[in-house]
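**Student:**
Number of protein chains: 2
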Amino acid sequence: MVNYPDGRKSHFQTETVSAAHRGMELEADINSTNRWYLDQDIAVIYKKPTPVQIVKVDYPARSAAKISEAYFKVPSTTDYNGIYKGKYLDFEAKECALKTSFPIKSIHPHQIRHLDNVTRHGAIAFVIVRFTHLGETYYVIASEMTEYIRTCGRSSIPYKWFQEHGYMIPYNYVKPVDYLQIVDRLYFKEKK
Amino acid sequence: MVNYPDGRKSHFQTETVSAAHRGMELEADINSTNRWYLDQDIAVIYKKPTPVQIVKVDYPARSAAKISEAYFKVPSTTDYNGIYKGKYLDFEAKECALKTSFPIKSIHPHQIRHLDNVTRHGAIAFVIVRFTHLGETYYVIASEMTEYIRTCGRSSIPYKWFQEHGYMIPYNYVKPVDYLQIVDRLYFKEKK
């Protein structure tokens with residue numbers, strides 16, 4: 001096993017995330033969190049459908065229309081948006097398989113522009129990044145991340161940056177990615 | 193040609209809408225209006241992608257992934273949402289080919305529930321209905337329409353109801369469905 005110079009994260013180095021949980025795990029966790037928010041009437045937040053360019057649709061005898069040719073499109077916006085306490089919420093979520101940095105190319109330039117647009121119009125906008133190997137999920141204020149991306153001159157954001165600028169989202173069985181807890185701390189704290 | 197009892201709308205009775213403009217015309221008009229709002233930095237409002245259940249994806253040699261089997265899904269939310277003057281906006285848009293009423297089944301029960309949900313959380317929620325034969329496009333406050341649907345005991349909403357409860361959306365070449373003009377009147381009027 002590799003020993004990292006600072007040794008700090010050595011207890012995370014074994015891969016505890018099972019193969020079954022890779023890839024779509026964060027999306028599934030956010031969807032079930034959103035369902036919980038909806039069921040509890042706390043917020044109305046949905047994942048947008050995957051954008052698809054439909055080319056050909058067949059109509060087999062009397063049954064449902066079948067799409068027989070379609071292609072994935074580059075999304076023009078983020079994946080999630082909705083309303084919470086009267087405010088417009090907008091975010092993107094990304095898993096990161098690397099341990100030491102987050103590749104900037106994981107976020108489309110369209111999505112960065114979109115996050116800046118909604119921020120300017122008063123949205124609560126953020127990015128959720130999960131470092132899968134570390135089992136850590138961070139909430140990052142969108143404007144801080146897009147500012148960093150614009151000015152860093154790098155192709156990736158170091159893990160350390162997330163530790164310093166992000167807010168760790170706690171895990172909870174019924175709401176696996178309880179990001180509204182962070183939203184409350186940042187935007188709705190009554191008093192300190 | 194049929195003569196309606198009140199005669200009032202007789203000048204609309206000839207079908208002025210060309211075949212090319214049927215069906216998707218309202219969607220195209222709203223999309224170009226939204227693009228205009230975005231370009232002018234007035235609001236950030238998008239149509240959500242059509243929800244599709246992807247069953248089979250092929251990967252032809254080195255080219256883009258091709259979806260070869262997929263089906264249309266019933267949407268759980270409305271088609272459009274976004275942010276305007278810091279407020280969360282949410283709406284559904286429907287064309288109506290009938291002249292005297294709007295069939296309630298054109299709006300999915302999911303969408304009605306969704307409009308009620310976002311309204312309760314403080315959204316500006318509405319429905320845009322275009323009577324294609326009349327060339328009239330109405331803005332209806334979501335809660336008024338869902339209340340009517342719940343209590344009317346009918347399968348359709350009479351055209352007259354839209355005249356009485358809706359707000360006619362003016363046509364403009366650069367913003368064919370300038371619904372924010374109505375939003376301004378209803379929610380952002382400075383003084384009368």
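Residue numbers (our numbering), protein chains in the order written: chain U, 1 to 192; chain H, 193 to 384. Positions of the beta carbon are idealized from the N, C-alpha and C atoms, including for glycine. These numbers were taken from a predicted model, which means no experiment stands behind them.
Is there a Cβ of chain U sitting closer than 8 Å to that of H:Asn-273, yes or no?
**Tutor:** Position 81 of the second sequence, counting from 1, holds the residue named residue 273 of chain H. Chain U, which has a Cβ nearer than 8 Å to the Cβ of H:Asn-273, makes this yes.
**Student:** Indicate whether at least one CB of chain U lies closer than 8 Å to the CB of H:Glu-261.
**Tutor:** Position 69 of the second sequence, counting from 1, holds the residue named residue 261 of chain H. Yes, contact with chain U.
**Student:** Is U:Asn-31 close to chain H, meaning its C-beta is less than 8 Å from at least one C-beta of that chain?
**Tutor:** If you number the first sequence from 1, residue 31 of chain U lands on position 31. False, the Cβ-Cβ gap to chain H never drops below 8 Å.
**Student:** In this structure, how does DSSP classify H:Val-366 when only helix, strand and coil are distinguished?
**Tutor:** Sequence index remark: in the second sequence, residue 366 of chain H carries index 174 (1-based). DSSP places H:Val-366 in coil when its eight states are reduced to three.
**Student:** Hey, how far is the Cα of U:Phe-102 from the Cα of U:Pro-158?
**Tutor:** Start at 1 with the first residue of the first sequence, and residue 102 of chain U comes out as number 102. Start at 1 with the first residue of the first sequence, and residue 158 of chain U comes out as number 158. Spanning the two alpha carbons is a distance of roughly 6 Å.
**Student:** Using a Cβ-Cβ distance under 8 Å, would H:Ala-315 count as near chain U?
**Tutor:** Residue numbering aside, residue 315 of chain H sits at position 123 when the second sequence is read from its first letter. With 8 Å as the cut-off, H:Ala-315 counts as an interface residue toward chain U.
**Student:** Chain H beta carbons: is any one of them nearer than 8 Å to that of U:Pro-51?
**Tutor:** Residue 51 of chain U sits at position 51 when you count from the first residue of the first sequence. Closer than 8 Å to some Cβ of chain H, the Cβ of U:Pro-51 qualifies, so yes.
**Student:** I'd like the list of long-range same chain contacts for U:Tyr-84, defined as Cβ closer than 6 Å, with 5 residues on each side in sequence excluded.
**Tutor:** For the purposes of this step, residue 84 of chain U is taken as the residue at position 84 of the first sequence. Ala-43.
**Student:** Indicate the three-state DSSP secondary structure (helix, strand or coil) for U:Leu-38 in the structure shown.
**Tutor:** As a position in the first sequence, residue 38 of chain U is number 38, starting the count at 1. Note: U:Leu-38 maps to helix in three-state DSSP.
**Student:** Mind checking who U:Ser-101 pairs with in its DSSP beta bridge?
**Tutor:** Within the first sequence, numbered from 1, the residue matching residue 101 of chain U stands at position 101. Beta-bridge pairing links U:Ser-101 to U:Pro-158.
**Student:** May I have the straight-line CA-CA distance separating U:Gly-122 from U:Gln-163, to the nearest angstrom?
**Tutor:** Within the first sequence, the letter at position 122 stands for residue 122 of chain U. Within the first sequence, the letter at position 163 stands for residue 163 of chain U. Straight-line Cα distance between these residues: approximately 26 Å.
**Student:** Residues in the segment 103-118 of chain U with C-beta within 8 Å of chain H's C-beta atoms, listed in sequence order?
**Tutor:** The segment 103-118 of chain U vs chain H, Cβ under 8 Å: His-114, Asn-117 and Val-118.
**Student:** Grab me the residues of U:Asn-172's own chain with a C-beta within less than 8 Å of its C-beta, minus the 5 sequence neighbours each way, in chain order.
**Tutor:** Counting from one through the first sequence, the residue named residue 172 of chain U turns up at place 172. Here the set comprises Asp-178.
**Student:** On the three-state DSSP scale, how would you describe H:Ile-299?
**Tutor:** Sequence index remark: in the second sequence, residue 299 of chain H carries index 107 (1-based). Three-state DSSP puts H:Ile-299 in coil, outside helix and strand.
**Student:** Could you tell me the alpha carbon to alpha carbon distance between U:His-21 and H:Tyr-251, rounded to whole angstroms?
**Tutor:** For this step, residue 21 of chain U is matched to residue 21 along the first sequence. For this step, residue 251 of chain H is matched to residue 59 along the second sequence. Confidence in U:His-21 is poor, its pLDDT being 45 and thus under 50, which makes the residue's placement unreliable; the coordinate value appears in the next sentence. The straight-line gap from Cα to Cα measures roughly 23 Å.
**Student:** Across which residues does DSSP place H:Val-321 in a beta bridge pair?
**Tutor:** Within the second sequence, the letter at position 129 stands for residue 321 of chain H. For H:Val-321, which the question treats as bridged, DSSP gives the partners H:Lys-286 and H:Tyr-330.
**Student:** In angstroms with no decimal places, state the Cα-to-Cα distance between U:Lys-48 and H:Lys-240.
**Tutor:** As a position in the first sequence, residue 48 of chain U is number 48, starting the count at 1. As a position in the second sequence, residue 240 of chain H is number 48, starting the count at 1. Cα-Cα distance, rounded: 6 Å.
**Student:** Counting only beta-carbon atoms, is U:Lys-66 nearer than 8 Å to chain H?
**Tutor:** Counting from one through the first sequence, the residue named residue 66 of chain U turns up at place 66. At least one chain H Cβ lies under 8 Å of U:Lys-66.
**Student:** Where do the N-terminal and C-terminal ends of the alpha helix (DSSP H) with H:Tyr-379 fall, by residue?
**Tutor:** Residue mapping note: residue 379 of chain H aligns to position 187 of the second sequence, counting from 1. 371-379 is the span of the alpha helix (DSSP H), which, as asked, contains H:Tyr-379.
**Student:** Assuming contact is defined by CB atoms lying nearer than 8 Å, are H:Ala-289 and H:Thr-324 in contact in what I supplied?
**Tutor:** The residue given as residue 289 of chain H occupies position 97 in the second sequence. The residue given as residue 324 of chain H occupies position 132 in the second sequence. Against a cut-off of 8 Å, the Cβ pair of H:Thr-324 and H:Ala-289 comes out as a contact.
**Student:** Could you work out which residue in H:Pro-368, H:Ile-374 and H:Gly-345 is closest to H:Trp-228 when comparing CA atoms only?
**Tutor:** For the purposes of this step, residue 228 of chain H is taken as residue 36 along the second sequence, with counting starting at 1. Among H:Pro-368, H:Ile-374 and H:Gly-345, the Cα nearest to that of H:Trp-228 belongs to H:Pro-368.
**Student:** Going straight from the alpha carbon of U:Pro-51 to that of U:Lys-73, what length do you get?
**Tutor:** Translated into positions along the first sequence, residue 51 of chain U becomes position 51. Translated into positions along the first sequence, residue 73 of chain U becomes position 73. Cα-Cα distance, rounded: 5 Å.
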